[in-house]
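Okay, so here's the structure we're looking at.
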Amino acid sequence: MKKLKTAISATLIATTMTAQNAPQLRADNIDEVLAAMTLEEKAKLLVGGANNFFDQGAVVGGEASLVAGAAGTTAAIPRLGIPATVLTDGPAGVRINPTREGTDQTFYATGFPIGSCLSSTWNTELVRQVGAAIGNETKEYRCDVILGPGVNLHRNPLCGRNFEYYSEDPLLTGKIAAAYIQGVQSEGVGVSIKHYAVNSQETDRTSVDERVSPRAARELYLKGFEIAIRESAPWTVMASYNRVNGVYSMKNHDLLTKILRDDWGYKGIVMTDWIGIRKDLPTIDEVYAGNDLLEPGQPKQSEEIVEGVRSGKLAIADVDRNVRRMLEYIVKTPSFLHYAYTNKPDLKLHADITRKSATEGIVLLKNNGTLPWNMTGSKVKTVALFGEKSYNFLSGGTGSGCVHTPYVVDLVEGLGNAGIGTSAVLTEIYRKYVEYAKVKFQAERHPARWYQMDAFGQQKYPEISINPICINNEVKAADAAIITIGRQAGEGVDRDIDTEFNLTNEERQLIYDVCNIFHAAGKPVVVVINSGSVIETSSWSGYADAIICAWQPGEEGGNSVADILTGKVNPSGRLPMTWPIAAEDHPSTANYPGKMDLYTFETMKANGYPVPGYDYTDHQEGIWVGYRHFDTRGVKVAYPFGYGLSYTTFEYGKPQVTQKGEVIEVSVSVKNTGSMPGKEVAQVYVSAPKGQLDKPAKELKAFGKTRELKPGESQTLKMTLQRRDLASFDEQQSAWVVDEGTYTFKVGSHVLDIRGTAALKVKALVEKTSKAL
Ligand code: BGC
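Straight run, no breaks: the sequence shown in my numbering ends on number 1942.
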């Protein structure tokens, strides 16, 4: 009752103030503005500004009032000098509409490399530069926050959004995310680190209950968020659609308040993912849990907040807490600071950054000596270019992560720029096919499937068969062949094993035919993988002379691939996830959606049973995700975590490990022992002494990348971690526990290639956390 009276009297005082005498928001008068706000104004500020978002039938990327194509806004309250702010997707660049009515001006944004490509660089300084370029475009296009980075863990290679995320390892995820965030925020705009938390699948993503043990949650699924939040203070966090252990993330007090704020000390705002009102999730529960901003926003949500306070179901103190955080956010934004945006970011400069970062993220998976072309390897002037994606190169994935880029350099253009010609006949065949496939796709797409909408970018077209007679003709004129194997994926849909993880029959046949015919003529074949996620390679890798994983490397893709093929850049990308032999080798595949036949699915649904993989997903594998499983249990893989070849060789000195206070330093010297300049990534894995908990054989605890070393040159890398980073999560005590004993630091070039070890005796440590999840 007392609360109710306070709320009503505050409202009365505030509404009697005229616009003239109402305080105008400044960074130093937040208390005063808060005191002057009516309950209605407070409720408005906690709800995104998209009034007719749902009436328009849009789901994502549709709120157009301030910046056409931006995903959402926050509400303006002019009486108090509170401006609207603009939130745009990400994470691979600013996602806004490239054209606008009434002007010929264009608003294309640079397509940067996707998340998996950025993490493959293992180069935090470079990722910081990418972040700064993205932050600059965000600001110049009149936006305040970019909705990224995506830091969900690669639990399984079938997740449709893995391309937006970084790794199966939380340390690599957290470090790359922190660098991206520091870069973006150095431009005076914010990020929204997403999707918090355990959003490991797209199937039924808005309702699936991700059931995960507190240990796996803390050590894996939350750890990347924790590192990035502690190291880079993101302005905003986006709560995911799914449930975690039965409770929607959006109203999960454990996640949003206990872990995020109490344990990690987070000070920024939390926003929801784009859903609006749900029948089974009261708006006031979200506000109470610590969700400061409900996106994209429906006026009814504000009404429910007002009603909640009036009825005493929602404490005004909780509303005020969230409003204060919103005001603290707003005073930092370019919108509030009246930044004079240009709508003309330096796209040329950013194209150079995207090319450089993509090239560094490309991973050389195999090389029998054919590469680099025209340097030490084969002499190649003309290439027979196979595979539809060579001509329709994928710069990024689909869904809200797709950027409207000014152009995409395909392989014809990229090779051409490097002085390598391509076959006119194949160009004609494939370009005609791509044209046809695009028209067919548009005609057949389902109007209700928003994720298939035009605006969501390049789609999936099946590979075509090329007659061996045609290949036989090509081999005469070409010095080598390239086959591009492409995979598209994105928001709303997971990948399927048979046609997306595995190769299709057409693709397999193409590899066999091209390799047989070119090899018979003594000419090499390179396979370029143009995919955001992992594919099967073991059944065909033996045929190719070289394989490069180009990911979806952004708009300069063809140039980046050519830089690697010609040795202009020596590859230094390393895999941020394991490439298994079969998708089923990941324990999580057993309970990943997509395994159930339709009859069982429909029968279960019809009888009201919760369907595994859809209504809920048990993370039965616990912490045994990625290399933690493969390495500990000795399961063979196609390419291990951290793997990637170079055109040169590196020798490691003996690692040294020392401890000063809480800081542990690992140093190692790395020498270029080959004949080309190149960069090496030193990876520090730690094996813990035996304690109470079952632990992985080793876990990544630090890494460092050398500068470009000339042949014969050495560099000593110094990598640091904290003692607490050695801890495992003990559910019994709700605590991070470092067991006392000797830790072995294993330094190498990938998880299975350890070049030297050093031991360190470490004292026990127990760090209590909130009891949560
Ligand atoms: C996606 C988010 C995105 C938001 C706004 C949602 O559907 O999950 O990643 O930022 O839409 O477009």
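We put the CB at the ideal spot given by N, CA and C, even for glycine. As the structure is a computational prediction, the values presented were derived from the model and not from experiment.
- Set against 8 Å, the gap from the CB of D1338 to the closest heavy atom of the ligand BGC is not smaller.
- In terms of Cα proximity to Q1470, the closest of E1455, G1459 and S1480 is E1455.
- Between S1903 and P1722, the C-beta spacing is not below 9 Å.
- Shown here, N1699 sits in a strand according to DSSP, grouped into three states.
- The DSSP assignment places complete alpha helix (DSSP H) segments of no fewer than 4 residues inside the stretch 1668-1740 at 1674-1689 and 1726-1734, in order along the chain.
- Contact annotation, I1362 with P1403: C-beta distance approximately 5 Å; criterion of less than 8 Å satisfied.
- The beta carbons of V1835 and A1807 sit no closer together than 9 Å.
- Excluding its 5 nearest sequence neighbours in each direction, G1259 has C-beta neighbours in its own chain below 6 Å: I1315, L1316 and G1317, listed in chain order.
- Annotation for H1519: T1279 and A1302 place their beta carbon closer than 6 Å to its own, counting only its chain and skipping 5 residues before and after.
- Straight-line spacing of the CA atoms in M1765 and S1757 works out to 14 Å.
- The beta carbons of T1290 and S1526 sit about 6 Å from each other, so the pair counts as a contact at 8 Å.
- For S1707, the shortest C-beta to heavy atom distance toward the ligand BGC is 8 Å or greater.
- For the pair P1465 and A1408, the Cα-to-Cα distance works out to about 13 Å.
- The three-state secondary structure of Q1351, taken from DSSP, is helix.
- In this structure, F1810 lies near T1747, with their beta-carbon atoms less than 9 Å apart.
- Here E1834 is bridged, per DSSP, to T1827 and T1889.
- The straight-line gap separating the alpha-carbon atoms of D1754 and P1846 is approximately 37 Å.
- Taking 8 Å as the cut-off, the C-beta of Y1410 counts as close to a heavy atom of the ligand BGC.
- Residue pairing for Y1808: DSSP places it in a beta bridge opposite W1748.
- The three-state secondary structure of N1305, taken from DSSP, is helix.
- Residue state for G1477 is assigned as helix, using DSSP reduced to three classes.
- The three-state secondary structure of V1236, taken from DSSP, is coil.
- Between the ligand BGC and G1811, a heavy atom-to-CB distance of less than 8 Å is absent.
- Counted as a single uninterrupted DSSP element, the alpha helix (DSSP H) harbouring A1612 occupies residues A1593 to E1613.
- Excluding the 5 residues flanking it on each side, L1194 has same chain C-beta neighbours closer than 8 Å at V1202, L1249, G1250, I1251, L1496, I1499, V1500 and F1505, in chain order.
- Here S1526 carries a helix assignment [DSSP, helix/strand/coil].
- Between the ligand BGC and the CB of M1419, the shortest heavy atom gap is not smaller than 8 Å.
- Two segments are said to touch when three or more pairs of C-beta atoms, one from each, lie closer than 8 Å; by this definition the stretch 1704-1721 touches the stretch 1672-1687.
- Residue pairing by DSSP puts H1919 in a beta bridge opposite D1922.
- According to the DSSP assignment, V1855 belongs to the beta strand (DSSP E) that extends over V1850 to S1856.
- C-alpha of G1588 to C-alpha of D1521: approximately 19 Å in a straight line.
- The count of Cβ pairs closer than 8 Å, one atom from the stretch 1577-1585 and one from the stretch 1549-1556, reaches three, so the stretches are in contact.
- Scanning the stretch 1350-1425 from its first residue to its last, the whole alpha helix (DSSP H) runs of 4-plus residues come out as 1392-1401.
- When distances are taken from the beta-carbon of H1364 to the heavy atoms of the ligand BGC, the shortest one is below 8 Å.
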